[in-house]
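Below is one structure, written out as structure tokens, with a few remarks after it.
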Amino acid sequence: MDNLWQSFWLIVEIFVFFAYLIVLFQIVGDLFRDHKLGGFAKALWILFLIVLPLITALIYLIARGKGMAERQVAAVQAAQSSTDHYIREVAGTSPAHQIELAKKLLDDGAITAEEYTKLKADALAGKA
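Residue numbers (the numbering used here): 8 to 135.
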């Protein structure tokens, strides 16, 4: 029975260690993502993360947690925007090409004149 409890606590310790590593990498990534924080402040946070890791991580999450989430969301949105732009560029769809396709649909009777006007306006506004 004693061996079972030792195995259980080993699993718990391993889980806590990996959870801490994930939090640590998130904090370090956030430090380098934050452009408002100066280099000296970043170095101090890193130093304290090395010297007093658990306490510093908790303080960081409490003090800067909200900004951390906002920076993560901004980074994801920037990456998504960049990906969308790249896909549009590679796909080669220009507003003129979109209008040409919409005109063909109109001529074939697949869409109405109102739908054509809307598609044309969307293409000119860049809303592919």
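Positions of the beta carbon are idealized from the N, C-alpha and C atoms, including for glycine.
Predicted model, so just to flag it, every value in this text is computed and none were measured.
Runs of the alpha helix (DSSP H) spanning 4 or more residues and lying entirely within the segment 8-64 occur at 9-40, 46-58, in chain order. Two segments are said to touch when three or more pairs of C-beta atoms, one from each, lie closer than 8 angstroms; by this definition the segment 54-70 touches the segment 32-41. Using a 10 angstroms sphere on the CB of residue 69, the tally of other CB atoms stays under 16, which defines it as exposed.
Your pair residue 130 and residue 94 does not check out as a contact, with CB atoms roughly 16 angstroms apart and the cut at 8 angstroms. By the beta-carbon neighbour count (other beta carbons within 10 angstroms, threshold 16), residue 126 is buried. Residue 123 sits close to residue 110, with the two beta carbons spaced by under 8 angstroms.
Cα atoms of residue 75 and residue 44: separation of roughly 12 angstroms, rounded to the nearest angstrom. Secondary structure at residue 103: helix, using DSSP grouped into helix, strand and coil. Your pair residue 64 and residue 30 checks out as a contact, with CB atoms roughly 6 angstroms apart and the cut at 8 angstroms. The C-alpha of residue 67 lies about 10 angstroms from the C-alpha of residue 73. When C-alpha distances from residue 101 are compared across 128, 133, 21, the shortest belongs to 133.
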